[in-house]
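Colleague:
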């Protein structure tokens, strides 16, 4: 089985370690589709020789990607790319749009859609009266037919998309179609164990680790337009966050 070469440019004057530069180059090739699941990359000896690196440096780069779940070592086969996880930047975008932008095929199954008075906590988060009309919806989002997330949203009735629209489009795309633009969100990310129901929907086992996210999003008029409470498969999904010094 032939190996797929990786385009690598190393900056030997940079303070960034060479193993990390190599690992980043391979990861970029996986995420942009230059390397596909099942492709076999050069072994550490060939990489070290081609890039004029020490063998331990090449080994460290490969191991970092094995630990990250992007590569796997197979005896008699070599080092192969595995199906990559969903990387999602923490930005004001919808999961539907992020999946489509990364080349994945998103699909949605609407599990529940109801109109009624919100629970007190939901009303407080949305800043509406306790007897207001709120649409609560629950969806299962998949990527390439693989379940990824359970999405629960509570939306003031005047902003709520129709059920059939939610199965065809991303939630934020639906909101934009109503003239609403999300400008600000208050977001909290956590982790816990999956319930029996969540595990069944996500194709896992009860007690599997899941990531959670709660988001209250506001439009450019300062109105709260949604409260989202989402659950993601931790084995297939993670958030990317960039931090900087102010």
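In my numbering, the protein residues as written are 1048 to 1293.
Cβ atoms here follow ideal geometry from the backbone N, Cα and C, with glycine treated the same way.
Could you check the C-alpha separation between residue 1077 and residue 1067 for me, to the nearest Å?
Modeller: Position 30 of the chain shown, counted from the start, is the residue given in the question as residue 1077. Position 20 of the chain shown, counted from the start, is the residue given in the question as residue 1067. Roughly 15 angstroms separates the two Cα atoms.
Colleague: Nearest-angstrom Cα distance between residue 1138 and residue 1276?
Modeller: Numbered from its first residue, the chain shown carries residue 1138 at position 91. Numbered from its first residue, the chain shown carries residue 1276 at position 229. Any reading at residue 1138 is ruled out, since the residue's pLDDT is 49, under 50, leaving its predicted position unreliable.
Colleague: Could you tell me whether the Cβ atoms of residue 1182 and residue 1162 are closer together than 8 angstroms?
Modeller: Here residue 1182 is taken as the residue at index 135 of the chain shown, counted from 1. Here residue 1162 is taken as the residue at index 115 of the chain shown, counted from 1. In this structure, residue 1162 lies closer than 8 angstroms to residue 1182 by Cβ.
Colleague: I'd like to know whether the C-beta atoms of residue 1263 and residue 1233 end up nearer to each other than 8 angstroms.
Modeller: Translated into the one-based positions of the chain shown, residue 1263 becomes position 216. Translated into the one-based positions of the chain shown, residue 1233 becomes position 186. Contact flag set, yes.
Colleague: For a test of the three-state rule: what should DSSP assign to residue 1053, helix, strand or coil?
Modeller: For the purposes of this step, residue 1053 is taken as residue 6 along the chain shown, with counting starting at 1. Correct three-state label for residue 1053: coil.
Colleague: Name the one or two DSSP bridge partners that residue 1257 has.
Modeller: Counting from 1 along the chain shown, the entry for residue 1257 is found at position 210. According to DSSP, which records beta bridges pairwise, residue 1257 is partnered with 1239 and 1280.
Colleague: Taking buried to mean at least 16 other C-beta atoms within 10 Å of its own C-beta, is residue 1208 buried or exposed?
Modeller: As a working note, residue 1208 is residue 161 in the chain shown. Residue 1208 should be labelled buried.
Colleague: What are the partner residues of residue 1229, as DSSP defines its beta bridges?
Modeller: Here residue 1229 refers to the residue found at position 182 of the chain shown. Per DSSP, 1266.
Colleague: For the beta strand (DSSP E) containing residue 1188, name the first residue and the last one.
Modeller: As a first step, residue 1188 is located in the chain shown; it is residue number 141 there, counting from the start. It spans 1181-1190 - the beta strand (DSSP E) in which residue 1188 sits, taken as one unbroken run.
Colleague: Mind checking which residues open and close the beta strand (DSSP E) that includes residue 1154?
Modeller: Here residue 1154 refers to the residue found at position 107 of the chain shown. Unbroken beta strand (DSSP E) run through residue 1154: 1153-1163.
Colleague: Let's test the definition: count the other Cβ atoms within 10 Å of the Cβ of residue 1098 and tell me whether it reaches 16, buried, or not, exposed.
Modeller: Position 51 of the chain shown, counted from the first residue, corresponds to residue 1098. Flag for residue 1098 reads buried.
Colleague: Going straight from the alpha carbon of residue 1281 to that of residue 1274, what length do you get?
Modeller: Here residue 1281 corresponds to residue number 234 of the chain shown, with the count starting at 1. Here residue 1274 corresponds to residue number 227 of the chain shown, with the count starting at 1. Their backbone Cα atoms lie some 22 angstroms apart in a straight line.
Colleague: Are the Cβ atoms of residue 1087 and residue 1124 separated by less than 8 angstroms?
Modeller: Counted from its first residue, the chain shown places residue 1087 at position 40. Counted from its first residue, the chain shown places residue 1124 at position 77. Yes; because the gap between Cβ atoms is below 8 angstroms, this pair is in contact.
Colleague: Could you give the first and the last residue of the continuous alpha helix (DSSP H) run that contains residue 1215?
Modeller: As a working note, residue 1215 is residue 168 in the chain shown. First-last of the alpha helix (DSSP H) with residue 1215: 1210-1215.
Colleague: Note down, in chain order, each residue of its chain lying with its Cβ closer than 7 angstroms to the Cβ of residue 1085, except the 5 sequence neighbours on either side.
Modeller: Taking the first residue of the chain shown as position 1, residue 1085 is located at position 38. Result list for residue 1085: 1127 and 1128, in chain order.
Colleague: Hey, would you say the C-beta of residue 1186 is under 7 angstroms away from at least one heavy atom of the ligand COA?
Modeller: The model depicted lacks the ligand COA and carries no ligand whatsoever.
Colleague: Taking C-beta to C-beta, are residue 1108 and residue 1070 nearer than 8 angstroms?
Modeller: Counting from one through the chain shown, the residue named residue 1108 turns up at place 61. Counting from one through the chain shown, the residue named residue 1070 turns up at place 23. Closer than 8 angstroms, so yes.
Colleague: Please report whether the beta-carbon of residue 1125 lies at a distance below 8 angstroms from any beta-carbon of chain C.
Modeller: In the structure shown, chain C cannot be found, because there is only a single protein chain.
Colleague: Is the beta carbon of residue 1230 closer than 8 angstroms to that of residue 1265?
Modeller: As a position in the chain shown, residue 1265 is number 218, starting the count at 1. As a position in the chain shown, residue 1230 is number 183, starting the count at 1. The answer is yes: Cβ separation under 8 angstroms.
Colleague: State the DSSP-derived secondary structure class of residue 1137, mapped to helix, strand or coil.
Modeller: As a working note, residue 1137 is residue 90 in the chain shown. Legend: pLDDT at residue 1137 = 45, less than 50; position of this residue unreliable, value from coordinates given subsequently. Of the three classes helix, strand and coil, the one that applies to residue 1137 here is coil, per DSSP.
Colleague: Span of the alpha helix (DSSP H) holding residue 1105?
Modeller: The residue given as residue 1105 occupies position 58 in the chain shown. Where residue 1105 is concerned, the enclosing alpha helix (DSSP H) stretches over 1102-1114.
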